[in-house]
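Protein chains in written order, with the numbering used here: chain A, 1 to 397; chain B, 398 to 794. First comes the structure, then the notes that go with it.
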């Protein structure tokens with residue numbers, strides 16, 4: 001054996017940690033002929049699992065089934081399809097999601113409730129079960145712990161993502177790998193954010209849940225294009241324990257967060273129709289929660305987002321938006337910085353405010369609401385572009 | 398005198414009721430050379446007045462001044478400019494708004510606090526006071542109770558409105574006239590909704606306030622494109638008492654509401670970048686307030702709005718949006734109708750759901766959230782189009 005591994009070929013994705021196999025195949029759910037069925041298997045020795053699921057009251061069938069199957073803190077596999085969300089299909093949709101789990105369980109000799117399921121695509125159409133199940137033998141046959149398995153799985157969960165999204169982060173004696181698709185709130189054409197995070201650390205289900213929930217709150221949940229929360233949003237963490245290392249909780253939290261942050265940044269960069277990546281930081285209100293609320297209000301304002309698309313340093317849009325936020329502020333002492341340049345001080349424009357250059361792809365917006373409170377929070381959002389409208393104007397037709 | 402009045406020349410606008418004069422002129426605030434300064438004068442015998450002003454915490458100087466001047470329930474004139482919002486200019490902005498009122502008061506022999514003021518345009522630039530005051534003699538000289546005065550005033554408050562907006566409604570022995578611009582929430586390029594309503598009914602300030610507040614809530618406040626609330630939103634009602642008729646409060650409320658509804662529909666029809674007018678009605682939740690909240694959540698969802706632009710009957714967008722509304726619902730029993738056709742029943746699609754024709758300019762969306770509650774509420778919104786993005790991407794630059 002004399003192979004060398006180039007620097008950019010460091011293992012990444014869900015098979016980077018020990019104890020995992022993955023696969024992706026073309027079942028035919030998508031008309032395009034692109035891959036549309038993925039599988040991640042945890043070969044143990046542990047099978048701890050946790051999930052963070054959509055807060056939308058209208059929940060897709062796979063979300064309902066996954067919540068049930070992960071309730072005991074254990075999963076041995078997760079099967080995911082793109083091209084159809086299996087949402088709003090009533091009891092038939094639940095039956096289809098269960099049948100999908102069952103097809104995996106049969107082939108891997110697992111119990112049905114050891115298999116999680118996730119879907120992304122159009123809402124309201126029944127899953128083509130004959131097509132999906134027809135791809136299952138090929139999917140299972142393709143399972144591998146090599147990079148190619150992770151790559152195929154990450155590819156198969158894409159909808160309109162331009163590139164697959166994978167990450168790896170190293171802990172003290174263990175690894176965390178991840179794959180994600182979309183969007184959720186950042187590239188809403190796809191209407192859903194899916195992520196599978198794997199680790200060979202030895203952790204309890206409670207440790208897994210704390211790490212995943214905390215990471216999701218600070219990464220995926222702070223990407224915000226339009227406030228939409230999909231019926232299908234799903235993030236799952238699987239822990240194999242294959243490294244034999246039981247990490248410190250705080251250190252584990254940080255490593256999981258790093259992997260999720262990497263995926264979230266890839267989502268922001270790849271979001272459809274996006275020409276600007278905008279980071280909005282708010283301080284000077286009534287603590288971090290209020291800072292987060294105010295940053296979301298600005299990040300969701302269409303007038304602000306259109307101004308960003310136009311590289312227009314129209315700080316008045318920031319003032320008009322933040323003035324509607326239900327948070328503490330001194331309306332006479334608000335300041336705004338674009339890319340570090342002070343454009344508004346004490347709620348009035350600075351002399352050169354209209355001259356700030358926002359032509360680059362990355363824009364920072366810093367807002368101080370004037371109360372003197374030091375706590376801050378940051379939301380990442382995007383501009384509102386012609387392409388956003390184009391992509392989303394004919395999604396189902 | 399042998400002139401005849403054509404049927405479509407029925408007096409309309411702020412001079413339709415007795416006791417009012419109006420004017421509009423080009424002071425030169427706008428680079429375009431279009432009219433930019435308007436005046437409405439109440440010649441009495443009464444001078445009752447009421448105002449409904451923006452709830453934004455960041456409030457433009459004219460809003461602060463108008464609130465102060467109308468606090469005693471009396472105004473004899475309102476001066477309005479377009480082309481500059483006089484917002485976020487600190488104490489200097491307040492001084493400019495007061496100087497504008499003073500210039501009118503001097504020429505009409507009024508007290509300064511008998512003059513209201515309103516502005517619309519870009520936030521953050523100082524008013525060019527020499528230019529504005531330079532147009533004041535011409536403005537006052539043009540005051541007339543004829544239709545031409547109302548027409549000139551309605552024209553002068555336009556920003557990017559394609560047409561002036563005027564209305565008249567007849568009560569039992571009195572008239573209500575109105576002019577409006579914009580948009581506020583419907584064509585947010587202009588960032589502001591201004592409206593002046595006049596009547597020759599004899600009403601107290603309290604009666605005027607009840608009628609205006611109620612009408613605004615049911616008309617202007619139920620137009621909702623993007624949830625934006627401008628720093629300058631202003632609606633003023635002036636009552637001259639010149640008819641000698643003291644109306645019944647309920648009847649007066651209805652007539653004022655009719656005039657405001659007319660203006661609001663003109664705003665919806667004229668909103669920039671709009672290709673669809675969408676009325677969203679929600680029922681089956683926990684009462685009218687919750688129905689209103691749910692309708693707003695749908696109407697503000699960019700994915701839904703893009704689907705409307707594309708005439709795409711993607712009812713999944715409605716379900717995904719309404720599922721995030723903080724209102725009572727039975728998530729398994731939601732129904733949706735597009736243009737009267739049932740597209741979703743019991744949270745699942747109907748067989749022909751994708752075939753509904755949404756190609757016309759008017760679309761109705763009816764959502765039943767399944768609780769059995771009969772109360773309903775309707776929000777009027779628009780689609781999210783390429784032109785919306787284009788218009789708002791370079792507003793200040």
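For every residue, glycine included, the Cβ atom is placed at its ideal position computed from N, Cα and C. Only a predicted model underlies this, so the values are computations on that prediction, with no experimental measurement involved.
**With 16 other Cβ atoms within 10 Å as the buried cut-off, status of residue 374/A** = By one-based count along the first chain, residue 374/A stands at place 374. Label assigned to residue 374/A: exposed.
**Any chain A beta carbon closer than 8 Å to residue 519/B** = By 1-based counting over the second chain, the position of residue 519/B is 122. Yes, because at least one Cβ of chain A sits closer than 8 Å to the Cβ of residue 519/B.
**Request:** Please check if any C-beta of chain B sits within less than 8 Å of the C-beta of residue 331/A.
**Result:** The residue given as residue 331/A occupies position 331 in the first chain. At least one chain B Cβ lies under 8 Å of residue 331/A.
**Request:** Please decide whether residue 32/A counts as near chain B, where near means a Cβ-Cβ distance under 8 Å.
**Result:** The sequence position of residue 32/A within the first chain is 32, counting from 1. So, not an interface residue.
**Prompt:** Pick from 309/A, 359/A, 372/A and 105/A: whose alpha carbon is nearest that of residue 433/A?
**Reply:** Not covered by the structure: residue 433/A. The range shown for chain A is 1 to 397.
**Message:** Tell me which residues share the same chain as residue 162/A and place their Cβ nearer than 7 Å to its Cβ, disregarding the 5 neighbours each side in the sequence.
**Reply:** Against the first chain, residue 162/A aligns to sequence position 162. For residue 162/A, the CB contacts under 7 Å within the same chain, skipping 5 residues up- and downstream, are 270 in chain order.
**Prompt:** Which chain B residues are close to residue 380/A, counting only those with a beta carbon under 9 Å from its beta carbon?
**Reply:** Indexing the first chain from 1 puts residue 380/A at position 380. Taking a Cβ-Cβ cut-off of 9 Å, residue 380/A has no neighbours in chain B, whose nearest Cβ is about 17 Å from it.
**Asked** Is there at least one Cβ from chain B nearer than 8 Å to residue 389/A's Cβ?
**Response** Within the first chain, the letter at position 389 stands for residue 389/A. So, interface residue.
**Message:** Need the endpoints of the alpha helix (DSSP H) that residue 782/B sits in, please.
**Reply:** Against the second chain, residue 782/B aligns to sequence position 385. No alpha helix (DSSP H) contains residue 782/B, which DSSP labels as neither H nor E.
**Message:** Would residue 56/A pass as an interface residue toward chain B - the criterion being a Cβ-Cβ separation below 8 Å?
**Reply:** Taking the first residue of the first chain as 1, we reach residue 56/A at position 56. Taking 8 Å as the CB threshold, residue 56/A lines the interface with chain B.
**Asked** With a CB to CB cut of under 7 Å and the five nearest residues on each side skipped, what residues in its chain are close to residue 552/B?
**Response** Here residue 552/B refers to the residue found at position 155 when the second chain is read from its first residue. Beyond the five residues adjoining it in sequence on each side, residue 552/B comes within less than 7 Å, by CB distance, of 421, 432 and 561 in the same chain, given in chain order.
**Asked** At least one CB of chain A closer than 8 Å to the CB of residue 627/B: is that the case?
**Response** For the purposes of this step, residue 627/B is identified with residue 230 of the second chain, where counting begins at 1. Judged by the 8 Å Cβ criterion, residue 627/B is in contact with chain A.
**Message:** Alpha carbons only, please: which of 691/B, 632/B and 621/B is nearest the one belonging to residue 674/B?
**Reply:** Walking along the second chain from the start, residue 674/B turns up at place 277. It is 621/B whose Cα lies nearest to the Cα of residue 674/B.
**Message:** Between residue 713/B and chain D, is any beta-carbon pair separated by less than 8 Å?
**Reply:** Here the protein chains are A and B, and chain D is not one of them.
**Item:** Element boundaries [beta strand (DSSP E), containing residue 765/B]
**Value:** As a first step, residue 765/B must be located in the second chain, where it is residue number 368. Boundaries of the beta strand (DSSP E) harbouring residue 765/B: 759 to 765, taken from the DSSP string.
**Item:** 7 Å Cβ cut-off: residues of chain A touching residue 486/B
**Value:** For the purposes of this step, residue 486/B is taken as the residue at position 89 of the second chain. Correct list: 348.
**Asked** Cβ atoms of residue 193/A and residue 252/A: under 8 Å apart, would you say?
**Response** Within the first chain, the letter at position 252 stands for residue 252/A. Within the first chain, the letter at position 193 stands for residue 193/A. With contacts defined by Cβ atoms closer than 8 Å, residue 252/A and residue 193/A do not form a contacting pair.
**Request:** Please compile the residues from chain B whose C-beta is within a distance smaller than 7 Å of the C-beta of residue 323/A.
**Result:** Sequence index remark: in the first chain, residue 323/A carries index 323 (1-based). For residue 323/A, the chain B residues whose C-beta falls within less than 7 Å of its own C-beta are 453, 454, 455 and 628, listed in chain order.
**Prompt:** Going along chain A in order, which residues have a C-beta closer than 8 Å to the C-beta of residue 657/B?
**Reply:** For this step, residue 657/B is matched to residue 260 along the second chain. Contact annotation for residue 657/B against chain A: no contact, minimum CB-CB distance about 22 Å [criterion: below 8 Å].
**Asked** Would residue 313/A be called buried (16 or more neighbouring beta carbons within 10 Å of its own) or exposed?
**Response** By one-based count along the first chain, residue 313/A stands at place 313. Residue 313/A should be labelled buried.
**Prompt:** Do you know offhand how far residue 54/A's Cα is from residue 235/A's?
**Reply:** In the first chain, residue 54/A corresponds to position 54, counting from 1. In the first chain, residue 235/A corresponds to position 235, counting from 1. Straight-line Cα distance between these residues: approximately 9 Å.
**Request:** Kindly indicate if chain A contains any beta-carbon less than 8 Å away from that of residue 706/B.
**Result:** Working through the second chain from its first residue, we reach residue 706/B at position 309. So yes, residue 706/B belongs to the interface.
**Request:** For residue 10/A, count neighbouring C-beta atoms within 10 Å of its own C-beta (all shown protein chains included) and say buried if the count is 16 or more, exposed if not.
**Result:** Within the first chain, the letter at position 10 stands for residue 10/A. Per the 10 Å Cβ criterion, exposed.
**Message:** I'd like to know if residue 741/B contacts chain A, where contact means its C-beta is closer than 8 Å to some C-beta of that chain.
**Reply:** The residue labelled residue 741/B in the question sits at position 344 within the second chain. Taking 8 Å as the threshold, the shortest C-beta distance from residue 741/B to chain A falls below it.
**residue 407/B - DSSP class collapsed to helix/strand/coil** = As a first step, residue 407/B must be located in the second chain, where it is residue number 10. Coil.
**Request:** Ignore the nearest five residues each way along the sequence and tell me which others in residue 86/A's own chain have a CB closer than 7 Å to its CB.
**Result:** The residue given as residue 86/A occupies position 86 in the first chain. Taken in chain order, the residues that qualify are 60, 61, 62, 93, 96, 97, 119 and 127.
**Chain-ordered neighbours of residue 750/B on chain A, where CB pairs are closer than 9 Å** = Numbered from 1 along the second chain, position 353 holds the residue referred to as residue 750/B. Ordered by position in chain A, the residues that pass the 9 Å Cβ test against residue 750/B are 124.
**Prompt:** Can you find a C-beta in chain A that's less than 8 Å from the C-beta of residue 703/B?
**Reply:** Numbered from its first residue, the second chain carries residue 703/B at position 306. True, the Cβ-Cβ gap to chain A drops below 8 Å.
**Prompt:** Per DSSP, residue 732/B forms a beta bridge with which residues?
**Reply:** The count along the second chain starts at 1 and reaches residue 732/B at position 335. According to DSSP, which records beta bridges pairwise, residue 732/B is partnered with 765/B.
**Prompt:** Got a sec: is the Cβ-Cβ distance from residue 716/B to anything in chain A below 8 Å?
**Reply:** Sequence index remark: in the second chain, residue 716/B carries index 319 (1-based). Yes, its Cβ sits closer than 8 Å to a Cβ of chain A.
**Message:** Under DSSP, the beta strand (DSSP E) around residue 283/A begins and ends at which residues?
**Reply:** The residue you call residue 283/A lines up with position 283 of the first chain. Where residue 283/A is concerned, the enclosing beta strand (DSSP E) stretches over 277 to 283.
**Request:** Write down every uninterrupted run of the alpha helix (DSSP H) in the segment 42 to 126 of chain A whose length is 4 residues or greater and which is fully enclosed by it, in chain order.
**Result:** The qualifying runs are 61 to 69 and 90 to 108.
**Message:** Can you tell me which residues form a DSSP beta bridge with residue 566/B?
**Reply:** As a working note, residue 566/B is residue 169 in the second chain. Answer by DSSP bridge pairing, in chain order: 573/B.
**Prompt:** Between residue 150/A and residue 39/A, which are expected to be in contact by the criterion C-beta below 8 Å, what is the C-beta distance as a whole number of angstroms?
**Reply:** Along the first chain, one-based indexing puts residue 150/A at 150. Along the first chain, one-based indexing puts residue 39/A at 39. Actually they do not touch by this definition, with Cβ atoms about 11 Å apart.
**Message:** Which complete alpha helix (DSSP H) runs does the segment 195 to 276 of chain A hold, if anything under 4 residues is left out?
**Reply:** Here the runs fully enclosed are 205 to 218 and 249 to 270.
**Asked** For the segment 39 to 48 of chain A against the segment 237 to 247 of chain A, are there 3 or more C-beta pairs whose distance is under 8 Å?
**Response** In the pairwise beta carbon analysis, the segment 39 to 48 of chain A is classified as touching the segment 237 to 247 of chain A: at least three pairs are separated by under 8 Å.
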